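A short write-up of the structure that comes next.
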Amino acid sequence: MSNESLANLLKEERRFAPPAELAANANVTAEAYERAKADRLGFWAEQARRLSWETEPTETLDWSNPPFAKWFKDGRLNVAYNCVDRHVEAGLGERVAIHFEGEPGDTRAITYADLQRDVCKAANALTELGVRAGDRVAIYLPMIPEAAVAMLACARIGAPHSLVFGGFSSDALATRIQDADARVVITADGGYRRGKPSALKPAVDEALSRPGTENVRNVVVVRRTGEETAWTEDRDVWWHDLVERQSESHTPQAFEAEHPLFILYTSGTTGKPKGILHTSGGYLTQTAYTHHAVFDLKPETDVYWCTADVGWVTGHSYIVYGPLANGATQVMYEGTPDTPHKGRWWEIVQKYKVTILYTAPTAIRTCMKWGDDIPAKFDLSSLRVLGSVGEPINPEAWIWYRHNIGGDRTPVVDTWWQTETGAIMVSPLPGVTSTKPGSAQVPLPGIAATVVDDEANEVPDGAGGYLVLTEPWPSMLRTIWGDDQRYLDTYWSRFKDRYFAGDGAKKDDDGDIWLLGRVDDVMLVSGHNISTTEVESALVSHPKVAEAAVVGATDPQTTQAICAFVILRGTAAEDEGLVDELRNHVAKHLGPIAKPKRILPVDELPKTRSGKIMRRLLRDIAENRTLGDVTTLTDSTVMDLIQAKLPGASAGED
Ligand code: WT7
Numbered sequence: 001m002s003n004e005s006l007a008n009l010l011k012e013e014r015r016f017a018p019p020a021e022l023a024a025n026a027n028v029t030a031e032a033y034e035r036a037k038a039d040r041l042g043f044w045a046e047q048a049r050r051l052s053w054e055t056e057p058t059e060t061l062d063w064s065n066p067p068f069a070k071w072f073k074d075g076r077l078n079v080a081y082n083c084v085d086r087h088v089e090a091g092l093g094e095r096v097a098i099h100f101e102g103e104p105g106d107t108r109a110i111t112y113a114d115l116q117r118d119v120c121k122a123a124n125a126l127t128e129l130g131v132r133a134g135d136r137v138a139i140y141l142p143m144i145p146e147a148a149v150a151m152l153a154c155a156r157i158g159a160p161h162s163l164v165f166g167g168f169s170s171d172a173l174a175t176r177i178q179d180a181d182a183r184v185v186i187t188a189d190g191g192y193r194r195g196k197p198s199a200l201k202p203a204v205d206e207a208l209s210r211p212g213t214e215n216v217r218n219v220v221v222v223r224r225t226g227e228e229t230a231w232t233e234d235r236d237v238w239w240h241d242l243v244e245r246q247s248e249s250h251t252p253q254a255f256e257a258e259h260p261l262f263i264l265y266t267s268g269t270t271g272k273p274k275g276i277l278h279t280s281g282g283y284l285t286q287t288a289y290t291h292h293a294v295f296d297l298k299p300e301t302d303v304y305w306c307t308a309d310v311g312w313v314t315g316h317s318y319i320v321y322g323p324l325a326n327g328a329t330q331v332m333y334e335g336t337p338d339t340p341h342k343g344r345w346w347e348i349v350q351k352y353k354v355t356i357l358y359t360a361p362t363a364i365r366t367c368m369k370w371g372d373d374i375p376a377k378f379d380l381s382s383l384r385v386l387g388s389v390g391e392p393i394n395p396e397a398w399i400w401y402r403h404n405i406g407g408d409r410t411p412v413v414d415t416w417w418q419t420e421t422g423a424i425m426v427s428p429l430p431g432v433t434s435t436k437p438g439s440a441q442v443p444l445p446g447i448a449a450t451v452v453d454d455e456a457n458e459v460p461d462g463a464g465g466y467l468v469l470t471e472p473w474p475s476m477l478r479t480i481w482g483d484d485q486r487y488l489d490t491y492w493s494r495f496k497d498r499y500f501a502g503d504g505a506k507k508d509d510d511g512d513i514w515l516l517g518r519v520d521d522v523m524l525v526s527g528h529n530i531s532t533t534e535v536e537s538a539l540v541s542h543p544k545v546a547e548a549a550v551v552g553a554t555d556p557q558t559t560q561a562i563c564a565f566v567i568l569r570g571t572a573a574e575d576e577g578l579v580d581e582l583r584n585h586v587a588k589h590l591g592p593i594a595k596p597k598r599i600l601p602v603d604e605l606p607k608t609r610s611g612k613i614m615r616r617l618l619r620d621i622a623e624n625r626t627l628g629d630v631t632t633l634t635d636s637t638v639m640d641l642i643q644a645k646l647p648g649a650s651a652g653e654d
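Residue numbers (UniProt numbering): 1 to 654.
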C-alpha cells in the first residue's frame, strides 16, 4: 500500500465490518452481550460448563470478603484432565495438539494422545521426586513442548508452577525461587536463539548457590542442545532418565476450584516482583471462553499460533490453558522471527496453514520496519483472524497487519488484559464488532470495565481517565503471593470498590475504549495531560518513522517537556529538516501542545524481553541522569548506542 493511501485510510477513521462468512458462523454473536448483561453470574456459570468437573459447582461467586474472590468454590476439577485427557476420551487422541517447530528446523507433531502420555509420565516423575499438592515448582525452560508438559504435569498433581522466562538472568530466577519457596526446578541445558545454542542451566546453578534457595531438592534438566552442562550429583537429574521410565498412566485427582494453579511474577517498574496468584476453575473457565470467543476457534479446522513465550501470561493463557482446554491444534515455535531469515514467521504460517495468529505490536512494527516485501513472498491466505496484545497498537501498525498479513480479509482483534486479569477483558469479537484501528473497543460479555476520572466518576464519551474494572471476573488474580496487603494497596486502594489496572484510557464518541499506556507514562505539559502513546502513534503515522518512544523530561518552563526517540524506516535519511518535519507532523495531528521539544533519531530502543519499551531508561537519558537498572533489557548495549548519539540530541530544540 502506498503511504498516501495509508494516510487516507486513517483519515477516514474507518471501521471494518466483520467478514460476512465469519459473522454468519461466529462462535459468539451479539446476543452474548445481552445475556451477560441480564445475568452476569448466570453467564459465567454457563461458561463454566465448558469444563469437565468432577463435582459441578453450585455457587458461582463468593464475594463476601472483597477483593478476595472465590469462584465456583464448591466445584472440583483437574485442570490437566480438562486440557488433555477429556479430548482423548472424546475420541480426539489422534488430533495434533502441538506442531512444534524448533529454531534449527527440527519438528515434532504431538497429538493429544501423545500429550496425555507425556503429561502422565511427567506427573509420575514429579511425584517420585516427592512433589505433593501445594508444593511450588519453578520452570525455567525455552519454548519447547516440555514447557507445556511440565506445566500440565504440575497442574495434574496440584503443585502450583512458577514459570521464569528463559531470557531472565540468574538474579531474577533466584528472587522468584526464593519468594515462592520452590521445591523443584525444571530447566534445560539450553535452547536455540538466533541460530546458536543458548545455555540455561548455568543460571540455575548460580541461582541455587544463593541463600534462601535451599529447599530446592532437585533440578530436572531437559536435554535440548546437547551442550556440556555442569552437574550436581544427587540434585540434578535428566528429564529423559527420570520421565521416560515412568508409567504412562496416572489418575488425575480433582482439586477445589480455588486450588492454586500458578504464580507468575510481574516485574513492575520498581520494588520486588509481585507473585500474581491464579487459581483453577475460574481461570480455566475464562481462558477457555475467551479463546473460543475472541479468536472464534473452530477446533476441528483451525490452526492457531500464539507467538508469545510460555514464560509470559500470554503463553500461560493462550498457548497452554485456553487453547488446550478447547482442544485446539496449535503451532509452537522456539526461536526468533529473523532466524535464519526475516521471513521465518511467514514461512511457518504458510507451512502449517495457520488460520489464527496472535502476536504483539512490537513484533508487528519490527516486521513493518523490515519491509512489506518479506511477508509478500509467502502464502498467508490461510489466515482468518489476527490478534494483538501487550501494549497499545498504533493505527498504522494495525492497518499494516491487516493489509500485509491479513490480506485485508481478516478482522484484527486488539485484546487488552494483564498478568493480573489472567485472561482477555477488553476486545472486539471478530464476528460481531466493526473494528477500529487502534482501539480495544469493548469489554467482553460478562466483563465490567469503564473509564473514570480522578474522583472515580465515570467519564462521558469523548473523555479520558483511568481504566477500571467494576465487577470481579473469574480469572482475576486472587492475591499477591504471600502479601495480601500489597494486593489491596496495589489494585484496590486508588478507587473504592474498583480494580485499578494502572492504565490510562479514553472513551471515544462512540463509547469505544482506547488504551493510553501506563499512567506512569502520562506526561504533564503546561497543565495538559498528554499520553506518550498518542504522541508515539502520531510520530509513527509519519512515513519516515518506523518506531517511536516518547517520555516526559522535567522542564522548568512546562513541568515536563516531550522528548521523542525515533527509529527511521529503512530508506529515510536523517537529514537536516527531518526533526522539524516530525515536530510539525505531531503538532498537526495532536495540536501544538503535543509538539515534542526534542526528537532524537536512534537505531534501537531499549526494550524488555516481552517487547515493552523501558521509558524509565529513556527518561534517565532525557534528564541527563546516570542510567538505572538495565538488567531486564534484551540488549544492554542499546543504551550505549543511544548515549553515543547524544551530543546531537538538542537538534530541534527551540
Ligand atoms: C499491561 C499488562 C496481557 C498479556 C501481555 C502483557 C498493556 C496489554 C494491551 C492492549 C494496550 C495493553 C497494559 C497492561 N497492554 N495489552 N491490547 N492495548 N495496552 O501482560 O506484562 O501483565 O502487561 O500491558 O498497559 O496493563 P503484562
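Every residue, glycine too, gets a C-beta built ideally from N, C-alpha and C. This structure is a prediction, so every number in the text was calculated from the model and none was measured.
Where residue i and residue j are concerned, what is the direct C-alpha to C-alpha distance, given to the nearest angstrom?
| i | j | result |
| --- | --- | --- |
| S249 | A122 | 10 Å |
| A376 | D510 | 35 Å |
| T213 | P197 | 27 Å |
| G42 | G431 | 23 Å |
| D135 | P543 | 53 Å |
| Q47 | Y289 | 6 Å |
| G570 | W370 | 8 Å |
| P395 | P460 | 23 Å |
| T433 | L488 | 35 Å |
| R223 | P145 | 12 Å |
| D379 | D372 | 14 Å |
| G322 | Q286 | 8 Å |
| H400 | D114 | At residue 400 the sequence reads Trp, which differs from the His that was named. Going from the Cα of W400 to the Cα of D114 covers about 38 Å. |
| A553 | R625 | 11 Å |
| L467 | W492 | 13 Å |
For a quick check, are the C-beta atoms of residue i and residue j less than 8 Å apart?
| i | j | result |
| --- | --- | --- |
| G191 | P340 | no |
| I567 | E536 | no |
| residue 713 | V320 | For the chain, the structure presents residues 1 to 654; residue 713 sits outside this window and is missing. |
| V100 | W312 | For the record, residue 100 in the displayed sequence is Phe; it is not Val. No, they are not a contact pair. |
| V413 | V385 | yes |
| V185 | A138 | yes |
| I276 | S162 | no |
| A360 | C83 | no |
| L284 | L51 | yes |
| T415 | G387 | yes |
| D181 | N215 | yes |
| A148 | I98 | yes |
Using a 10 Å radius around the Cβ and a threshold of 16 neighbouring Cβ atoms, would you call residue i buried or exposed?
| i | result |
| --- | --- |
| H240 | exposed |
| E653 | Any reading at E653 must be qualified, since the residue scores a pLDDT of 31, below 50, and its modelled position is unreliable; no value is offered. |
| D408 | exposed |
| T637 | exposed |
| Q441 | buried |
| S475 | buried |
| W417 | buried |
| W231 | exposed |
| D302 | buried |
| A649 | Because A649 sits at a pLDDT of 38, beneath the cut-off of 50, its placement in the model cannot be relied upon, and the following sentence gives the value as read from the coordinates. A649 comes out buried. |
Give the single residue among the options whose Cα lies nearest to the Cα of residue i.
| i | options | result |
| --- | --- | --- |
| K351 | T626, D234 and L383 | L383 |
| G517 | A501, H528 and H589 | A501 |
| D205 | E46, R245 and T187 | T187 |
| L22 | A38, T410 and I530 | T410 |
| S170 | P145, L200 and S52 | L200 |
| R486 | T60, K272 and T175 | K272 |
| P260 | L77, W53 and L61 | L77 |
| T355 | Y333, F295 and E396 | F295 |
| P255 | D74, L324 and R108 | The residue you asked about is not Pro; residue 255 is Phe in the sequence shown. Closest by alpha carbon: D74. |
| K70 | E258, T232 and T251 | E258 |
| R478 | G282, P392 and L600 | G282 |
| A150 | F168, V221 and R193 | V221 |
| Y265 | S280, R609 and W481 | W481 |
| P57 | T314, I177, W44 and T470 | W44 |
| P472 | R35, T29, S64 and T558 | S64 |
| G327 | R498, V96, G130 and E103 | V96 |
Requested in this report: State whether the segment 151-168 contacts the segment 121-140, with contact taken as three or more CB pairs (one from each stretch) at a distance under 8 Å.
Outcome: yes
Requested in this report: Report yes or no: do the segment 427-447 and the segment 342-349 share at least 3 C-beta pairs separated by less than 8 Å?
Outcome: no
Requested in this report: Flag this pair as touching only if the segment 570-584 and the segment 626-643 have three or more C-beta atom pairs under 8 Å; answer yes or no.
Outcome: no
Query raised in the report: Per the contact definition of three or more C-beta pairs closer than 8 Å, is the segment 520-533 in contact with the segment 557-566?
Result: yes
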